[in-house]
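4 protein chains.
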Amino acid sequence: MTKKELKVAVIGGGSSYTPELVEGFIRHYHELPIKELYLVDIEAGSGKLAIVGALAKRMIAKAGLPIDVHLTLDRREALRGADFVSTQLRVGLLDARALDERIPAAYGLIGQETTGAGGFAKALRTIPVILDICRDIRELSPDAFLLNFTNPAGIVTEAVLKYGGVKTIGLCNLPIGTRMQIAGLFEVEVSRVDVEIVGINHLNWTTRVAVDGTDVTQALLSKAAGAGGLTMKNIPDFGWDSEFLHSLGALPCSYHRYYYLTEQMLEHQNEQLKEGTTRADVVKRVEAELFELYKDPQLSVKPPQLEQRGGAYYSEVAVSLMTSIHNDRKDIQTVNIRNNGAIPCLPDDACVEMNAVIDASGARPVQPRTPIGPQIRGLLQVVKAYEELTVEAAVHGDYGMALQALTIHPLVGSADKAKQVLDDILKEHAGYLPQFK
Amino acid sequence: MTKKELKVAVIGGGSSYTPELVEGFIRHYHELPIKELYLVDIEAGSGKLAIVGALAKRMIAKAGLPIDVHLTLDRREALRGADFVSTQLRVGLLDARALDERIPAAYGLIGQETTGAGGFAKALRTIPVILDICRDIRELSPDAFLLNFTNPAGIVTEAVLKYGGVKTIGLCNLPIGTRMQIAGLFEVEVSRVDVEIVGINHLNWTTRVAVDGTDVTQALLSKAAGAGGLTMKNIPDFGWDSEFLHSLGALPCSYHRYYYLTEQMLEHQNEQLKEGTTRADVVKRVEAELFELYKDPQLSVKPPQLEQRGGAYYSEVAVSLMTSIHNDRKDIQTVNIRNNGAIPCLPDDACVEMNAVIDASGARPVQPRTPIGPQIRGLLQVVKAYEELTVEAAVHGDYGMALQALTIHPLVGSADKAKQVLDDILKEHAGYLPQFK
Amino acid sequence: MTKKELKVAVIGGGSSYTPELVEGFIRHYHELPIKELYLVDIEAGSGKLAIVGALAKRMIAKAGLPIDVHLTLDRREALRGADFVSTQLRVGLLDARALDERIPAAYGLIGQETTGAGGFAKALRTIPVILDICRDIRELSPDAFLLNFTNPAGIVTEAVLKYGGVKTIGLCNLPIGTRMQIAGLFEVEVSRVDVEIVGINHLNWTTRVAVDGTDVTQALLSKAAGAGGLTMKNIPDFGWDSEFLHSLGALPCSYHRYYYLTEQMLEHQNEQLKEGTTRADVVKRVEAELFELYKDPQLSVKPPQLEQRGGAYYSEVAVSLMTSIHNDRKDIQTVNIRNNGAIPCLPDDACVEMNAVIDASGARPVQPRTPIGPQIRGLLQVVKAYEELTVEAAVHGDYGMALQALTIHPLVGSADKAKQVLDDILKEHAGYLPQFK
Amino acid sequence: MTKKELKVAVIGGGSSYTPELVEGFIRHYHELPIKELYLVDIEAGSGKLAIVGALAKRMIAKAGLPIDVHLTLDRREALRGADFVSTQLRVGLLDARALDERIPAAYGLIGQETTGAGGFAKALRTIPVILDICRDIRELSPDAFLLNFTNPAGIVTEAVLKYGGVKTIGLCNLPIGTRMQIAGLFEVEVSRVDVEIVGINHLNWTTRVAVDGTDVTQALLSKAAGAGGLTMKNIPDFGWDSEFLHSLGALPCSYHRYYYLTEQMLEHQNEQLKEGTTRADVVKRVEAELFELYKDPQLSVKPPQLEQRGGAYYSEVAVSLMTSIHNDRKDIQTVNIRNNGAIPCLPDDACVEMNAVIDASGARPVQPRTPIGPQIRGLLQVVKAYEELTVEAAVHGDYGMALQALTIHPLVGSADKAKQVLDDILKEHAGYLPQFK
């Protein structure tokens with residue numbers, strides 16, 4: 001592929017994460033020669049866009065690179081002819097997230113941004129916006145890759161795969177985080193570690209680990225039992241039981257704590273709520289602090305405080321993928337893509353999270369080494385069925401599908417609670433759910 | 001098929017249900033010419049066997065039929081050359097059932113004989129006994145059909161299909177009960193009603209109903225919403241929500257209340273337990289009363305009180321199946337059989353409950369009319385995965401598989417509780433669980 | 001189902017087969033109460049329609065039944081409100097059939113009406129006409145069942161299933177003929193024989209035979225080896241080799257001779273052609289004689305000579321199917337229907353020929369007892385792939401798909417011959433192939 | 001992976017190809033540090049082994065590398081502790097090959113070493129020998145990779161996958177040859193070309209080609225139509241028709257000429273045979289000349305004449321695979337491996353030829369981009385079914401499966417010819433077919 005000059009559009013460019021992404025673009029400029037970087041946001045985000053955009057320009061100027069940064073509220077201008085489109089938007093901002101956490105909690109359920117009833121609500125709000133972006137991409141940059149980071153990334157990516165009509169790959173920093181944590185457990189460089197990950201976004205299992213090509217999966221399970229640090233910033237660090245891990249035969253991801261350690265997680269949640277805090281509140285405070293830092297005209301690098309924000313490796317993931325596509329690299333990354341039989345116990349048109357070869361044409365699944373046993377399969381299938389129903393509910397504004405989605409979700413677990421929570425969600429978020437009118 | 005004289009062996013022949021079965025044999029003698037009827041039981045059941053066996057003999061004498069009734073503790077004698085073997089045994093008797101109800105309840109979970117952690121415990125106790133019976137059948141009557149009624153009938157039948165090496169069909173009175181209740185709702189003869197049932201034992205969905213060949217599924221869902229009586233004797237009669245039923249697009253079975261209406265069911269259970277009663281206690285009392293009646297040497301018919309016992313239509317189901325096999329009838333019945341792709345979202349070697357053509361060679365699935373949507377699929381798959389794990393745990397005495405089974409069961413729902421409940425089960429039922437030694 | 005009065009439309013009503021069908025309607029009137037029988041034909045067939053229609057009226061009058069027979073060239077009038085539509089049309093009449101036999105023969109290939117390049121040509125001519133009929137049915141009698149007898153019946157039915165948008169079942173007299181021949185070999189009443197047939201139209205295998213419910217498949221294979229009479233009127237009666245049959249493990253159908261005994265069949269064909277006769281010529285003469293008979297105003301029954309025509313049991317098959325649908329009978333018949341996984345080695349949307357339960361809603365596959373081994377699978381799959389390509393070619397007028405279809409057909413066998421034969425077909429039948437313009 | 005010193009065993013080390021392989025080992029020594037190279041042969045090959053082994057030693061000495069070359073007739077010594085085992089044996093030597101070419105030709109069929117009845121005969125002779133080698137490997141070097149080049153490589157590899165119990169990958173120089181020819185057509189370096197190959201050995205299709213990451217498949221089909229050189233040394237260079245290629249949508253492999261251009265190939269074969277030559281005769285002469293050259297004690301490089309032999313790139317393929325495994329390289333190569341659903345229209349346990357990621361654990365399929373259409377699927381499935389039957393026939397000495405295998409092979413095409421050819425094969429090769437005794 002001739003090294004042409006690239007145009008990248010970042011939807012939700014006013015996000016506090018943007019400096020992370022810009023730092024990645026700078027570091028990888030030699031292999032990802034971006035010429036035009038569009039940061040686009042909505043009217044409500046114009047203030048933040050101005051602040052973070054100015055920082056981005058200072059960072060690039062300091063690096064001495066010929067990347068033109070454009071700040072705009074005109075999404076169509078940003079998308080026209082783009083090579084890559086990245087989304088990091090949040091419909092309803094952090095106030096909506098606080099509701100996603102509080103509404104389920106009021107019924108004794110897990111309230112979380114991406115999982116359970118909270119993630120469900122976020123999906124309902126986000127999918128119509130993303131599909132609207134897809135309409136523009138189809139018209140203005142039909143060859144662009146849409147890299148979707150917007151949570152719940154698996155559900156949103158499935159909606160795009162089924163209804164968006166654009167080339168898309170869903171991304172998450174969890175797989176790379178897992179790989180880094182495993183490298184830490186084995187005290188080796190991350191490049192020496194290979195992980196085989198299967199499942200769906202925020203519900204994946206690491207079914208095999210190799211260090212220098214040698215299978216060390218059993219050793220990993222022994223090391224991981226009870227070990228701390230095997231989680232994301234935003235998830236309490238409850239340890240795994242050794243017998244449980246070995247009979248599971250795989251390392252669950254951080255979010256599995258909501259499913260496997262529900263009581264502990266609920267207890268933790270309720271303590272937090274008693275103190276009056278949701279994760280949304282924490283993030284709000286962190287973001288306010290970050291934007292104060294960003295305003296400093298002397299600042300021309302990513303401030304270290306950003307790493308506390310929870311999105312570690314986010315830039316790494318996005319830039320690695322763009323780089324491998326642009327350079328037709330044929331390396332293996334863990335991404336969210338159409339299944340097509342790669343995980344035989346899930347529908348062909350499901351979005352799955354797994355290892356794939358990345359080249360100029362996108363991502364293609366690599367066949368996992370081992371069949372998925374029933375201990376993984378059962379939970380995987382029921383959550384995927386929930387996701388399918390959620391996509392249908394979000395796209396068509398279908399109350400019945402929404403009710404069925406929540407009913408079968410393991411973190412809701414009954415039709416009665418599902419209905420109560422659903423009615424609250426539709427009422428509280430009504431402004432962002434026009435499809436249910 | 002020449003109308004040869006048949007030999008039938010009833011394992012657990014001392015059960016209070018036996019008069020029901022004998023009544024069926026009498027009524028259908030003209031098409032199911034049984035010559036030898038063996039009622040076999042274990043030493044501990046010899047007293048009940050004598051009582052119920054004497055009643056059986058009086059019933060047959062009164063009907064004037066040439067059926068020879070044999071009462072024996074020698075299972076091999078009963079099995080030798082049998083055409084049909086029926087199981088209605090209960091490992092650990094009603095005391096074990098009481099534990100199955102109480103252990104889960106102590107952790108705030110549903111305690112039930114066939115579903116959830118209670119059904120799991122029963123499966124662990126029952127499967128080794130059934131597989132031992134299969135060893136005898138393979139040797140003594142390899143052409144016999146094993147008709148398995150023993151609960152959890154789906155799991156036990158799956159164990160036989162995978163490890164028993166005999167011809168088997170699993171049976172339950174729930175499908176015929178559903179059909180009768182639907183006939184009642186439409187106020188028509190049951191023979192005019194066809195039901196399409198898909199799923200697994202005690203977790204099936206009626207996805208289509210026809211009266212006189214005309215599809216009345218939507219009308220059924222409307223009638224069923226809120227209607228009483230749509231359940232078995234032993235399950236509280238909470239009504240279904242109309243919106244829920246219509247978006248589900250199918251009629252759930254009675255046991256679905258444990259999954260869809262968990263809170264109400266738990267509340268009901270806890271009230272019962274507060275009053276000091278489990279279902280096992282109720283059954284114990286009923287059985288004691290029945291055996292008092294059975295002792296009456298004047299009694300030579302099935303006493304009407306037996307119908308209160310909960311096994312309505314049990315005889316109907318068993319005798320219909322034997323009759324259709326014996327007469328190569330090619331009619332359609334709802335049975336538990338190997339899937340082989342009939343329900344594509346479940347493994348080929350899973351035991352499924354669905355409509356099948358019954359002929360001299362056994363049962364073959366009839367392809368359901370409609371694909372199974374995600375609202376049914378998700379729950380079905382996770383419970384089936386639990387069943388697969390339970391079969392492995394029961395056959396191999398595998399603690400890890402047992403732990404994983406309970407962890408993913410929707411009525412347990414976390415690894416922590418699973419471990420606590422499992423450890424209690426293994427301790428309390430230790431005498432019946434030699435495979436875990 | 002209330003016994004309402006039925007309307008039946010027979011497209012191609014002027015066919016010489018019609019008296020056969022009418023005789024069936026008369027014999028089964030008590031269970032298939034037809035009120036209106038429309039015989040419809042095209043202008044070119046109006047003479048024959050008048051003759052055969054008059055005979056039909058005399059037959060019904062003699063039987064004293066209140067069936068109104070209508071003769072018409074107005075297809076829409078015939079279809080309006082019909083309960084059953086039956087097709088027995090021949091696009092291009094027997095002259096086109098003669099070409100179907102001669103064109104392939106000119107290249108040293110089998111020339112046959114339903115198989116190979118001849119059947120391919122007939123499919124190209126027929127599918128557009130049938131889909132045009134479907135358009136009328138969708139508008140005028142959307143609840144009607146289209147019973148398709150038109151050859152190649154499997155390919156035409158697949159086209160209707162994929163593109164027709166009407167309820168359809170494909171029919172052939174071959175399966176019932178097979179069952180009758182097997183009954184003959186065992187010297188028992190046909191009602192005592194069950195056959196399990198799997199495959200596709202004119203390429204099915206009888207994989208299991210039971211007499212009175214007892215499996216006699218191996219005995220059948222022994223009896224069938226070398227036996228005469230195991231074929232249709234129009235296929236030479238070359239016997240099967242015993243070793244071949246036993247290693248195949250199933251009884252091939254008559255048309256398999258074209259595939260398994262190609263040299264003998266080609267030799268036979270070439271001898272016939274040397275004498276100047278094609279099967280089309282024979283049929284032409286037979287038909288002429290039949291119509292002479294039909295003209296006789298004294299004739300009011302089906303003349304016995306019709307049975308020489310080759311369509312034995314045709315009426316039996318059609319009337320049995322209508323009767324089972326009308327009476328919601330739930331019996332098992334061998335029909336051509338959508339696969340949906342019933343034969344797992346073929347695509348879900350393929351038309352397959354297999355046993356199905358027939359009720360008021362149509363036909364649903366019964367799961368075959370045994371998996372299909374590679375000796376059957378390979379030939380079945382390649383011919384089905386040919387059929388898929390033929391449907392696409394016929395519907396879209398796609399030259400490339402037509403070329404690929406013939407190339408992979410085992411009776412053509414190379415791209416070079418495929419192209420030559422295809423070009424001849426397109427040229428010779430141009431008047432009937434508007435889709436290739 | 002620590003760069004340990006490797007042991008490689010070459011079964012059939014006396015082959016004329018060995019210098020090719022040795023040259024590859026020399027060229028890649030820096031990344032494939034072989035310490036022990038065992039060339040093993042049978043008694044009958046000891047003369048050739050001495051000659052070619054001496055040359056191998058001179059080549060390594062000249063290169064100044066510390067590779068110890070061992071010449072031995074003791075296979076077990078060669079296998080003990082090996083890291084890689086490569087097979088290049090020919091059961092029955094070239095005389096048997098001559099029969100493989102002449103027997104089918106006598107019936108008017110294609111006679112070819114790897115395809116059709118000739119390849120079938122070779123499979124029957126080879127599989128028992130290879131499975132015997134597998135027994136030794138399981139005992140003496142259970143962690144070794146068996147790299148199988150022995151033709152028919154796909155069938156032999158399938159036999160090993162099903163019955164061998166060792167880690168194996170089947171190899172062929174055809175895929176790399178295809179890639180090189182395509183690079184030639186586009187006049188670019190081969191490293192800039194990616195090919196997506198799907199199918200089975202000697203019957204694969206190149207379904208997509210990219211140059212520098214850009215899809216150029218349509219351009220390839222246009223260039224390939226009529227072009228020369230798109231074949232192996234041993235296959236006549238008949239060109240492809242443009243309409244045919246474009247409707248196929250993929251580039252067939254060289255061996256497809258036997259299927260798609262059967263008449264031309266037969267004609268060519270018959271001309272050759274009239275002149276009294278088979279390919280075996282040509283190879284015999286070439287080999288004799290090569291061994292004359294090899295004897296020259298001055299020769300210490302691979303003589304250029306070897307490239308005329310037909311096995312171009314053979315060394316490249318073998319050494320690339322060993323290198324990627326040894327270095328855990330995770331690059332993509334086209335290999336023969338277990339399907340596991342990667343090509344959904346073939347059985348899971350079939351051996352398929354396709355792109356795979358190669359790492360220390362072996363090869364895992366990369367999901368092809370496009371579904372396989374019926375024009376490819378049909379031929380692929382029937383030939384794979386033939387291969388399955390051939391494996392069963394070869395392993396179990398099953399006459400019936402052998403008969404069915406040949407019957408469905410498109411290059412045999414009828415049961416009559418199949419039986420004649422089979423009986424000739426069993427008689428002529430009797431000494432090498434003990435399993436049919």
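Residue numbers (full-length UniProt numbering), protein chains in the order written: chain G, 1 to 437; chain Z, 1 to 437; chain S, 1 to 437; chain C, 1 to 437.
The beta-carbon is built from N, C-alpha and C at its ideal position, and this holds for glycine as well.
**Asked** Cβ of G170/G less than 8 Å from any chain C Cβ?
**Response** no
**Prompt:** With a CB to CB cut of under 6 Å and the five nearest residues on each side skipped, what residues in its chain are close to K284/Z?
**Reply:** L94
**Asked** Taking T206/Z as the reference, which of G14/Z, P371/Z, Q404/Z and L32/Z has the closest Cα?
**Response** P371/Z
**Asked** For V286/S, does the three-state DSSP call read helix, strand or coil?
**Response** helix
**Close Cβ partners of Y386/C (< 7 Å) along its chain, the five nearest in sequence each way excluded** = A405, I408 and H409
**Request:** Check whether the Cβ of K330/Z lies closer than 8 Å to any Cβ atom in chain S.
**Result:** yes
**Request:** My understanding is that L221/Z touches L203/Z, with C-beta atoms under 8 Å, so please give their C-beta distance in whole angstroms.
**Result:** About 18 Å; that fails the 8 Å criterion.
**Asked** Is any beta-carbon of chain G found at less than 8 Å from that of Y386/Z?
**Response** yes
**Message:** Quick check on D424/G: does DSSP put it in helix, strand or coil?
**Reply:** helix
**Asked** Taking DSSP as the reference, what is the three-state secondary structure of H256/G?
**Response** helix
**Request:** Using three-state DSSP, classify I34/C as helix, strand or coil.
**Result:** strand
**Proximal residues, the region 206-219 of chain C versus chain G, C-beta separation under 9 Å** = R208, A210, D212, G213, T214 and D215
**Message:** K417/G and E263/Z - do their beta-carbons sit closer together than 8 Å?
**Reply:** yes
**Prompt:** Between the region 319-326 of chain Z and the region 177-195 of chain Z, do at least 3 Cβ pairs fall closer than 8 Å?
**Reply:** no
**Message:** If I follow the unbroken beta strand (DSSP E) through F436/C, where does it start and stop?
**Reply:** No beta strand (DSSP E) contains F436/C, which DSSP labels as neither H nor E.
**Request:** Inspect the beta-carbon positions of A318/C and L161/C and report whether they are closer than 8 Å.
**Result:** no
**Range covered by the alpha helix (DSSP H) that runs through S242/C** = S242 to L248
**Prompt:** Is the beta carbon of L79/C less than 8 Å from the beta carbon of L6/C?
**Reply:** no
**Prompt:** Taking only beta-carbon atoms, is L93/Z less than 8 Å away from chain G?
**Reply:** no
**Item:** Euclidean distance between Cα positions of T2/Z and L403/C
**Value:** The pLDDT assigned to T2/Z is 48, lower than 50, so where the model puts this residue is not dependable, and the model offers no usable value.
**Message:** How far does the beta strand (DSSP E) with H70/G in it extend, from its first residue to its last?
**Reply:** D68 to T72
**Asked** Which full runs of the alpha helix (DSSP H) of 4+ residues lie inside the region 286-361 of chain Z, going along the chain?
**Response** 314-326
**Request:** Would you decide whether A153/G is buried or exposed? Buried here means 16 or more other CB atoms lie within 10 Å of its CB.
**Result:** buried
**Asked** Just the Cα atoms here: how many angstroms apart are N234/G and A117/G?
**Response** 17 Å
**Item:** Simplified DSSP assignment, three categories, for I127/G
**Value:** helix
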